[in-house]
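In full-length UniProt numbering, the protein residues as written are 1 to 255. Below is one structure, written out as structure tokens, with a few remarks after it.
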Amino acid sequence: MSLESHLIASGGLCSNNNTMKSPSESAFVYRKRENETNYDSDTALLELPAADEKGLCRDAHTINNLGSRNEERKALLESIARRILQCLGEDPTREGLVATPERFASAMLYLTEGYSQDPSDVVESAIFRENSQLVLVKDIEICSLCEHHMLPFIGKIHIGYVPNGQVLGLSKLARIASIFSRRLQIQERLTENVALAIESILKPQGVGVIIEATHMCMIMRGVKKSNAVATTKWMTGVLQEDTAAKKEFYSLLNR
Ligand SMILES: [Zn+2]
């Protein structure tokens with residue numbers, strides 16, 4: 001029995017309960033709405049470009065393709081969200097849920113918008129020739145989705161670098177963090193990706209990125225540790241070596 005026919009036969013419930021209603025008497029049977037696109041999800045998904053093994057979209061074709069196909073992706077996400085609701089034993093047509101797949105699809109596209117953005121595009125006009133010592137922006141708020149559970153993790157990112165003749169507009173550091181946050185990943189790789197992006201854009205003497213975050217997948221499930229904060233760092237160049245700049249970085253961070 002296919003998943004679909006099982007869902008219908010069990011009244012939309014994933015159970016073998018003896019009290020299960022027949023499809024005709026069940027309130028849970030999902031009837032396709034008029035105008036609803038019937039995506040064969042496998043085929044449609046195969047046509048969409050994918051991120052690479054580090055969750056990055058490096059090539060312009062992938063970035064542009066994702067951005068220009070938002071309507072199609074939204075319809076597919078809506079259709080998948082209805083299936084998820086059915087699988088949870090819910091009725092996607094009941095009043096409280098009827099607009100949920102649409103809201104879910106919009107939220108997912110927003111939260112993963114970073115896949116269709118290239119950090120080097122957004123900083124283009126904000127690189128200035130300047131000799132400066134350590135630059136540090138602390139406590140930039142971030143929220144992202146972990147790739148293991150697609151649940152949020154939220155916290156702060158601190159970004160520092162020692163310039164090598166050029167600096168970046170300060171707000172662009174937060175912008176770079178935001179682009180990488182809006183993708184699926186783990187905190188360790190988010191830290192690395194932000195550091196490596198700044199390194200490739202500015203070619204500084206060193207970069208230091210620290211993220212402190214709490215993970216909903218730890219708080220709401222599993223070990224249920226509500227106050228556990230995960231700290232990750234990625235340091236390069238003079239901020240990785242044992243230098244005065246590194247000491248200054250930590251002292252400005254009050255660490
Ligand atoms: Zn997780």
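Glycine residues also receive a C-beta, built at the ideal position from the N, C-alpha and C atoms. Given the structure is predicted, the values throughout are model-derived calculations rather than measurements.
Any non-hydrogen atom of ligand 1 closer than 7 Å to residue i Cβ
i           : result
C217        : yes
C143        : no
residue 339 : In the structure displayed, the chain extends from 1 to 255; residue 339 sits before or after that span and is not available.
L173        : no
L111        : no
L151        : yes
7 Å CB neighbourhood of residue i in its chain, flanking five on each side removed
i    : result
E199 : V207 and T236
L111 : L145 and R182
K203 : N164
E188 : T232
A195 : V207, V209, W234 and T236
N70  : L109
Beta-carbon proximity list for residue i, same chain, < 6 Å, skipping 5 on both sides
i           : result
T191        : V209, I211, T232 and W234
A81         : P101 and F104
A174        : I140
R221        : none
Q117        : I179
L151        : M216 and C217
Q205        : V162, N164, G237 and V238
residue 262 : Outside the shown range of the chain (1 to 255) lies residue 262, about which nothing can therefore be said.
A197        : P119 and I176
Collapsed DSSP secondary structure at residue i in the structure displayed
i    : result
L145 : strand
G237 : helix
E95  : coil
Q166 : strand
R129 : strand
A245 : helix
K225 : coil
L252 : helix
L173 : helix
L134 : coil
L184 : strand
T19  : Per-residue confidence for T19 stands at a pLDDT of 40, beneath the threshold of 50, marking its modelled position as unreliable; the derived number appears in the next sentence. T19: coil per DSSP, three-state reduction.
V29  : Summary for V29: the model assigns pLDDT 45, below 50, so the residue's position carries little reliability; its value from the coordinates is reported in the next sentence. If DSSP states are grouped into helix, strand and coil, V29 belongs with coil.
Start-to-end residues for the alpha helix (DSSP H) that takes in residue i
i    : result
P101 : T100 to L111
T191 : Q187 to L202
A75  : N70 to C87
V123 : P119 to V123
M218 : M216 to I219
8 Å CB neighbourhood of residue i in its chain, flanking five on each side removed
i    : result
I186 : C146, E147 and H148
V98  : P92
V123 : L168, G169, K172, R175, I176 and I201
Short CB-CB distance (under 8 Å) between residue i and chain C
i    : result
L202 : In the displayed structure, chain C is absent; only one protein chain is listed.
Segment contact, 8 Å Cβ cut-off, at least three pairs: the stretch 156-170 with the stretch 119-138 = Contact annotation: the stretch 156-170 touches the stretch 119-138, with at least three C-beta pairs closer than 8 Å.
Does the stretch 210-226 come within contact of the stretch 156-163, defined as at least 3 CB pairs closer than 8 Å?
-> Yes, the stretch 210-226 is in contact with the stretch 156-163.
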